[in-house]
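Novice: My questions will all concern the structure given below.
Numbering (the numbering used here), first residue to last: 69 to 189.
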């Protein structure tokens, strides 16, 4: 697990190997953090690990859980024909790598206009 503090500095918190990804396992890891003085986790970005969302809610209830953008994109691209994946992935990058929220939203609207005829909601 990686910490990014309010100044944007990164620090490894722990590297652990567990037998599984159950909520019980993650509760143990998160309780270790709490015992070592980690008071709050504001945002947790993860790849959909089994049990992690439940564990973080129990130990740090104010934490905002966010699915990792890379995994969201990969998951979405599974439903797109191979021939269109690269182009759509590049168009999606203009949204999530935009320098401002406003630009990201504008790019999202353009993406929707371009692709809506092929992929309905």
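Don't be surprised by glycine CBs; every beta carbon is placed ideally from N, CA and C.
Check whether the Cβ of residue 152 sits closer than 6 Å to any heavy atom of the ligand SAH, and report yes or no.
Specialist: Ligands in the displayed structure: none, and consequently the ligand SAH is not present.
Novice: Look at residue 110 and residue 124 and say whether their C-beta atoms are less than 7 Å apart.
Specialist: The sequence position of residue 110 within the chain shown is 42, counting from 1. The sequence position of residue 124 within the chain shown is 56, counting from 1. Not a contact, by the Cβ cut-off of 7 Å.
Novice: Quick one: grab the DSSP three-state call for residue 72.
Specialist: Numbered from 1 along the chain shown, position 4 holds the residue referred to as residue 72. Here residue 72 sits in strand by DSSP.
Novice: Which partner residues does residue 134 have in the DSSP bridge list?
Specialist: The count along the chain shown starts at 1 and reaches residue 134 at position 66. Its beta-bridge partners are 113.
Novice: Tell me, which residues are paired with residue 78 by DSSP?
Specialist: As a first step, residue 78 is located in the chain shown; it is residue number 10 there, counting from the start. In the DSSP output, where bridge partners are listed per residue, residue 78 has 72.
Novice: Buried or exposed: which applies to residue 120, given that a residue is buried once 16 or more other Cβ atoms fall within 10 Å of its Cβ?
Specialist: In the chain shown, residue 120 corresponds to position 52, counting from 1. Buried, because 16 or more other Cβ atoms sit within 10 Å of the Cβ of residue 120.
Novice: Below 8 Å on the Cβ atoms is my contact criterion, and I expect residue 90 with residue 118 to pass it. Report the Cβ-Cβ distance as a whole number of Å.
Specialist: Position 22 of the chain shown holds residue 90. Position 50 of the chain shown holds residue 118. With a Cβ gap of about 7 Å, residue 90 and residue 118 count as contacting.
Novice: Give me the Cβ distance between residue 102 and residue 127, rounded to the nearest whole Å; I'm assuming they're in contact under 8 Å.
Specialist: On the chain shown, residue 102 is found 34 positions in, with the first residue counted as 1. On the chain shown, residue 127 is found 59 positions in, with the first residue counted as 1. Right, their Cβ atoms sit about 6 Å apart.
Novice: Could you tell me which of 69, 115, 86 sits nearest to residue 106, measuring between CA atoms?
Specialist: Start at 1 with the first residue of the chain shown, and residue 106 comes out as number 38. That would be 69, whose Cα lies nearest to the Cα of residue 106.
Novice: Cα separation between residue 95 and residue 122?
Specialist: Numbered from its first residue, the chain shown carries residue 95 at position 27. Numbered from its first residue, the chain shown carries residue 122 at position 54. Each residue's alpha carbon lies about 9 Å from the other.
Novice: Taking residue 138 as the reference, give the member of 163, 129, 173 with the closest Cα.
Specialist: Along the chain shown, one-based indexing puts residue 138 at 70. Out of 163, 129, 173, 163 has the C-alpha closest to the C-alpha of residue 138.
Novice: Under a three-way DSSP split, which group does residue 106 fall into?
Specialist: For the purposes of this step, residue 106 is taken as the residue at position 38 of the chain shown. Shown here, residue 106 sits in coil according to DSSP, grouped into three states, outside any helix or strand.
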